[in-house]
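Chemist: Protein sequence lines, in the order shown, are assigned to chains A and B. Take the first sequence: its position 20, counting from 1, is numbered 20 in the working numbering, and each next residue is one higher. Take the second sequence: its position 37, counting from 1, is numbered 37 in the working numbering, and each next residue is one higher.
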Amino acid sequence: MTAMIIITGICLVSVVLSYIAFKQGFTRNADDYFVAGSSLGYFVLIFSLLASFLSAFSMFGMASLGYRTGFGSLFVLTVNLVPLGFLWYFMHKKTLVLGRARKWMSMGAPFGERYGKAMRAIIPIVVLIASIPYLVAQIQGIGLMVETMTEGLIPYKVGLFFIPTFIAVYLMMGGMKGSAWVNTVQGIFFTVMVFFLFGAVMSKNGGFGPTMDLVYQKHPELFQLGWNNGKVWSYPMIFGFATAMCLGCICFPQPYMHSYSSKSVNGFKAMFLAFGGICIVVITIPTLVGIASRAIVPGLSGVQADKVFGMVASATMPNWLAAMAVAGGFTAAMSTVNGLVFGNATNIAVDLYKTLNPNVDSQRLVRIAMGCVALIMAVCTWIAWNPNTPVAELSVIAFGMVAVTIFPLWGAYFWKRSTAAAAILSVVVGAGLNVVFFFMGGKGMILNPQPQFFQLNGFLVAFIASGIAFVGISWMTKPGAVESDSLSLFFHPALERN
Amino acid sequence: MKDSENDDVRKRIWVVVLWILAVLTWCPLGYGSYGAVDRLFGMPVWAAVALIIGAVLFLVEWYFLFRSGYALDDDKLFAALKDLQQDLSREVTP
Chain A
1 MTAMIIITGI
11 CLVSVVLSYI
21 AFKQGFTRNA
31 DDYFVAGSSL
41 GYFVLIFSLL
51 ASFLSAFSMF
61 GMASLGYRTG
71 FGSLFVLTVN
81 LVPLGFLWYF
91 MHKKTLVLGR
101 ARKWMSMGAP
111 FGERYGKAMR
121 AIIPIVVLIA
131 SIPYLVAQIQ
141 GIGLMVETMT
151 EGLIPYKVGL
161 FFIPTFIAVY
171 LMMGGMKGSA
181 WVNTVQGIFF
191 TVMVFFLFGA
201 VMSKNGGFGP
211 TMDLVYQKHP
221 ELFQLGWNNG
231 KVWSYPMIFG
241 FATAMCLGCI
251 CFPQPYMHSY
261 SSKSVNGFKA
271 MFLAFGGICI
281 VVITIPTLVG
291 IASRAIVPGL
301 SGVQADKVFG
311 MVASATMPNW
321 LAAMAVAGGF
331 TAAMSTVNGL
341 VFGNATNIAV
351 DLYKTLNPNV
361 DSQRLVRIAM
371 GCVALIMAVC
381 TWIAWNPNTP
391 VAELSVIAFG
401 MVAVTIFPLW
411 GAYFWKRSTA
421 AAAILSVVVG
431 AGLNVVFFFM
441 GGKGMILNPQ
451 PQFFQLNGFL
461 VAFIASGIAF
471 VGISWMTKPG
481 AVESDSLSLF
491 FHPALERN
Chain B
1 MKDSENDDVR
11 KRIWVVVLWI
21 LAVLTWCPLG
31 YGSYGAVDRL
41 FGMPVWAAVA
51 LIIGAVLFLV
61 EWYFLFRSGY
71 ALDDDKLFAA
81 LKDLQQDLSR
91 EVTP
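This is the structure we're talking about:
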């Protein structure tokens, strides 16, 4: 009952925040609805970007991955994300400047101006396909959490409907500003709660050192690289996971949307820098909690291990505090769904619908985006109905797939010779290979090193093939009128000076 | 001329340092090994080193973005926007 009250309270607070954004007129026109009128300050930007990425994956998924595979998990979503401070800055510096100058509102805008309408229309489709596994992972995580928190009172399949309905309502109502406010409050909440959980779990066995000693005695393999005959946390596996997650982060819609929404350059830089710095602390904690849980709740495997976060909270904290800790992970999942669904809805409305119907008015565009929010939520809930892949693996697949858009983005901003044909084909090759590998060999082929690929995983093979396609085809084809005309904007001396 | 050349060299050095640290946070090259491990603060040594490298990279990024003078700031943004908008309006107005 306590758990239900906490969950419902979080949902209601989120709805109220969005309602305030709605009442204050932050959704009156497309600029306000999609990019919050470029008015977000430091604090909201930092926590909104953080919360829009940190998810069921970072709380439940990382605890589960740590529990199942040990310290190698630190290369999946903690230290490997610190480079985002400079990578995001370099990749999105022009997004900020040109976005402000050209009033961009969506991820496809830079691609459209640099490569033409076809590329602008492809981006939302690829990002949506890549986002679906990640969104499904969040909704799946929410269902499992609700079931765990209520001790089965609300079954998984009922939980699937309960929360996404709330999310759809407050996203449709509050737009980017409402979403950023909700993300910020949820981000602060789950950041605080992971510290409580860490303290409780480690003190159960006398502190961090003694807890790790206990785990080490029973499961020394969790402390090793290349265990299970070199299959788990081999160097290629670590590099594959680390780069998929880091490069994928660059290419999801959230950094674009937050760059457009940033009020100042310092806010823009601070959110990118803070992201990695906070991840190395806030996501390391659930990972370590997962590893420590081997000594407290042994014997979980596969999808069942996704419940370890809730189970260890129940085993080490008073009921009400355990419910709050799990609710922290729950808000992380909700805020990611906010960010990603909103980003995708914006992409579809602005990049796809508006490209096909250039004369659409601002109000109708906002209504289209609201409809997309509801549709995306419904599709993801339907897919999450029968969970059979753990949250962490689903998320890495999603990040790996979207990472292939990094080449056209790099070409748009830094390589005058890049062409539209190369941009389109590199995305088709990269995303297509990820899909082919998934259907040929399942998630294992994408995530794990493959002997036939010289010990690289499917993601890296698709990523490299996409890069080769981009460079090769750019050399083989001539820039068309759109690409040539765009050079004066994308390589304007004012941009090159900085 | 020499100043701008020096600036370019310094910027490249920054980029190289950032990339080296980035690669080290993506793979335990040079500080990890397969099999049995020593432990530091309860963790395997390679995991502790990875976290320390991450912390160092964070500080280097902070210095580059906010203290080096090579990164974009509000003044540079407004100057760039002014130039861009002048040229854009020139293109639109015959």
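Quick reminder that beta carbons are idealized off the backbone N, C-alpha and C, glycines included. Fair warning: this is a prediction, and the values are worked out from it, not measured in the lab.
Quick one: grab the DSSP three-state call for Gln450 (chain A).
Modeler: Reduced to three states, the DSSP call for Gln450 (chain A) is strand.
Chemist: If the criterion is Cβ atoms closer than 8 Å, does the pair Ile280 (chain A) and Gly54 (chain B) meet it?
Modeler: yes
Chemist: Under a Cβ-count criterion, where at least 16 other Cβ atoms within 10 Å of its own Cβ denotes burial, should Leu59 (chain B) be classed as buried or exposed?
Modeler: Classification for Leu59 (chain B): exposed.
Chemist: Within 10 angstroms of its Cβ, does Arg12 (chain B) collect 16 or more other Cβ (buried), or is it exposed?
Modeler: exposed
Chemist: By a C-beta neighbour count over all protein chains shown, 10 Å radius and 16 as the cutoff for buried, is Asn229 (chain A) buried or exposed?
Modeler: Taking every protein chain shown into account, the CB of Asn229 (chain A) has fewer than 16 other CB atoms within 10 angstroms, so this residue is exposed.
Chemist: Once the 5 residues before and after Ala21 (chain A) are set aside, which same chain residues still bring their CB inside 8 Å of it?
Modeler: Take Ala21 (chain A), set aside five residues on each side of it, and the residues of its chain with a beta-carbon closer than 8 Å to its own are Thr27, Met173, Gly174, Gly175, Lys177, Gly178, Trp181, in chain order.
Chemist: If you draw a straight line from the alpha carbon of Thr93 (chain B) to that of Gln85 (chain B), how long is it in whole angstroms?
Modeler: Summary for Thr93 (chain B): the model assigns pLDDT 45, below 50, so the residue's position carries little reliability; its value from the coordinates is reported in the next sentence. When rounded, the distance between both Cα atoms is 12 Å.
Chemist: For the stretch 428–486 of chain A, which segments carrying the alpha helix (DSSP H) assignment without a break, of at least 4 residues, lie completely within its bounds, in sequence order?
Modeler: 458–476
Chemist: Name the chain B residues that come within less than 8 Å of Gln224 (chain A), Cβ to Cβ?
Modeler: Tyr34, Gly35, Ala36, Val37, Pro44
Chemist: Using a beta-carbon distance below 8 Å, is Asp87 (chain B) in contact with chain A?
Modeler: Closer than 8 Å: yes.
Chemist: In the DSSP assignment, find the alpha helix (DSSP H) that holds Ser58 (chain A) and state where it starts and stops.
Modeler: In the DSSP annotation of this structure, Ser58 (chain A) is not part of any alpha helix (DSSP H), being labelled neither H nor E.
Chemist: Inspect the CB distances between the stretch 50–67 of chain A and the stretch 298–314 of chain A and report whether three or more fall short of 8 Å.
Modeler: yes
Chemist: Identify which residue in A:His258, A:Leu375, A:Pro133 has its Cα closest to the Cα of Met105 (chain A).
Modeler: A:His258
Chemist: Going by C-alpha to C-alpha distance, which of A:Ile238, A:Pro83, A:Ala3 sits closest to Gly72 (chain A)?
Modeler: Checking every option, the nearest Cα to that of Gly72 (chain A) belongs to A:Ile238.
Chemist: Spell out whether any CB of chain B is found under 8 Å from the CB atom of Ile348 (chain A).
Modeler: No, its Cβ sits nowhere closer than 8 Å to a Cβ of chain B.
Chemist: Check whether the Cβ of Pro83 (chain A) lies closer than 8 Å to any Cβ atom in chain B.
Modeler: yes
Chemist: Alpha helix (DSSP H) containing Val127 (chain A): first to last residue?
Modeler: Val127 (chain A) -> alpha helix (DSSP H) spans 117–149.
Chemist: For Met43 (chain B), which beta-bridge partners are listed by DSSP?
Modeler: As computed with DSSP, Met43 (chain B) is found in a beta bridge with B:Leu40.
Chemist: Would DSSP call Ser68 (chain B) helix, strand or coil?
Modeler: coil
Chemist: When DSSP labels each residue in this structure, what does Leu153 (chain A) get in the three-state scheme?
Modeler: coil
Chemist: Taking the straight line between their C-alpha atoms, what separation do you get for Glu483 (chain A) and Thr419 (chain A)?
Modeler: So the alpha carbons of these two residues sit roughly 6 Å apart.
Chemist: Name the two residues that bound the continuous alpha helix (DSSP H) containing His92 (chain A).
Modeler: 84–102
Chemist: Is the beta carbon of Cys251 (chain A) closer than 8 Å to that of Leu84 (chain A)?
Modeler: no
Chemist: If you reduce the DSSP assignment to three classes, tell me which class Ser262 (chain A) lands in.
Modeler: strand
Chemist: Looking only at C-alpha atoms, which of A:Leu87, A:Ile283, A:Asn344, A:Val312 sits nearest to Ala295 (chain A)?
Modeler: The alpha carbon of Ala295 (chain A) has as its nearest neighbour, out of A:Leu87, A:Ile283, A:Asn344, A:Val312, the alpha carbon of A:Val312.
Chemist: My parser needs the beta strand (DSSP E) runs of 3 or more residues fully inside the stretch 247–312 of chain A; what are they?
Modeler: Unbroken beta strand (DSSP E) stretches of 3 residues or longer found wholly inside the stretch 247–312 of chain A: none.
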